[in-house]
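First residue of the sequence shown? That's 762 in this note's numbering, and the numbers climb one at a time after it. Cβ coordinates follow ideal geometry from the N, Cα and C atoms, glycine included. What follows is one structure encoded as structure tokens, with my remarks underneath.
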Amino acid sequence: WGRISRLTGLFVCVVMAWAASVCAQAPQAAQAPLGLYIQNGQFMRAGKVYRGVGINYMSAFSRVYVPLMENPNAKLDTSYREGFATLRSYDVPFIRFSVNGFWPSEWKLYLEQPDRYFELLDMFFKDAEKAGIGLIPSLFWKFSTLPDAMGEPLDQWGNPNSKTIATMIRYTREIALRYKNSPALWGYELGNEYMLEADLPNYPEIIGQYV
Numbered sequence: 762w763g764r765i766s767r768l769t770g771l772f773v774c775v776v777m778a779w780a781a782s783v784c785a786q787a788p789q790a791a792q793a794p795l796g797l798y799i800q801n802g803q804f805m806r807a808g809k810v811y812r813g814v815g816i817n818y819m820s821a822f823s824r825v826y827v828p829l830m831e832n833p834n835a836k837l838d839t840s841y842r843e844g845f846a847t848l849r850s851y852d853v854p855f856i857r858f859s860v861n862g863f864w865p866s867e868w869k870l871y872l873e874q875p876d877r878y879f880e881l882l883d884m885f886f887k888d889a890e891k892a893g894i895g896l897i898p899s900l901f902w903k904f905s906t907l908p909d910a911m912g913e914p915l916d917q918w919g920n921p922n923s924k925t926i927a928t929m930i931r932y933t934r935e936i937a938l939r940y941k942n943s944p945a946l947w948g949y950e951l952g953n954e955y956m957l958e959a960d961l962p963n964y965p966e967i968i969g970q971y972v
């Protein structure tokens, strides 16, 4: 598990480096940055110190596109709109959510029909903007999913020439550039609970209950 921990660290560094590269290409605006940012060691939003509590809404977007991979003609599940309205009624300002697949098969729409994938994600972002809900998309929710989708072993997170890393870079760049000017975008998350796999000494025993 120490090896996985090192791979996790490398993955974080690679994505952070690319995020910095993307941000460096964006024009510097006179006004405060969109979303959340850090200034003098404090979280900021719209020029003010920010403190807030959001909601983990993991399936908000996946419920839209996952059914389409089994039936392209399926009716769109836009129930997240009612979810956004409910959250606003309780003054919940933002959500974190999985922006792509939990399982490898759930990356199929992005990999095979990227235009359709981004059409749906554009709709999701526009609806969040209308509802006044901030978004923190989690790019690679499950640590093992992208290597599996690429047909590679998990250790390919540590190979800069792997399909896993190439896809990670392409996807991160596309998401960052496409939504960098959206007022709904508050930030990004690399993934969900990666350190559980690295630190739990009995992780194989635990995960064995579910596979």
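Buried versus exposed, by CB contacts within 10 Å (16 or more), residue i
| i | result |
| --- | --- |
| R806 | buried |
| S859 | buried |
| E958 | buried |
| P921 | exposed |
| N963 | exposed |
| V827 | buried |
| M956 | exposed |
| W762 | Residue placement at W762 cannot be trusted, given a pLDDT of 40 that sits under 50; the coordinates are not used to answer. |
| E867 | buried |
| L825 | According to the sequence provided, residue 825 is Val. The question's Leu does not apply to it. With 16 or more Cβ atoms within 10 Å of its Cβ, V825 is classed as buried. |
| L938 | exposed |
| I894 | buried |
DSSP three-state assignment for residue i, whether helix, strand or coil
| i | result |
| --- | --- |
| I799 | strand |
| S899 | strand |
| F822 | coil |
| F804 | strand |
| G919 | helix |
| M911 | coil |
| P962 | coil |
| A927 | helix |
| E831 | coil |
| A793 | coil |
| Q786 | Interpretation of Q786 is limited by its pLDDT of 46, a score under 50 that renders its predicted location unreliable; the figure taken from the coordinates is listed afterwards. Helix, per DSSP. |
| A937 | helix |
CB of residue i within 7 Å of CB of residue j, strictly
| i | j | result |
| --- | --- | --- |
| E950 | R857 | yes |
| F822 | F885 | yes |
| A889 | A945 | yes |
| G862 | F901 | no |
| P865 | A910 | yes |
| T925 | W918 | yes |
| G844 | W947 | no |
| G813 | A793 | no |
| P870 | M830 | A small correction: the amino acid at residue 870 is Leu; Pro does not occupy that position in the sequence shown. Yes. |
| E913 | S899 | no |
Identity of the residues DSSP links to residue i by a beta bridge
| i | result |
| --- | --- |
| R857 | N817, I897 |
| E950 | S899 |
| K809 | R806 |
For the segment 833-892, which segments carrying the alpha helix (DSSP H) assignment without a break, of at least 4 residues, lie completely within its bounds, in sequence order? 841-850, 869-873, 875-892
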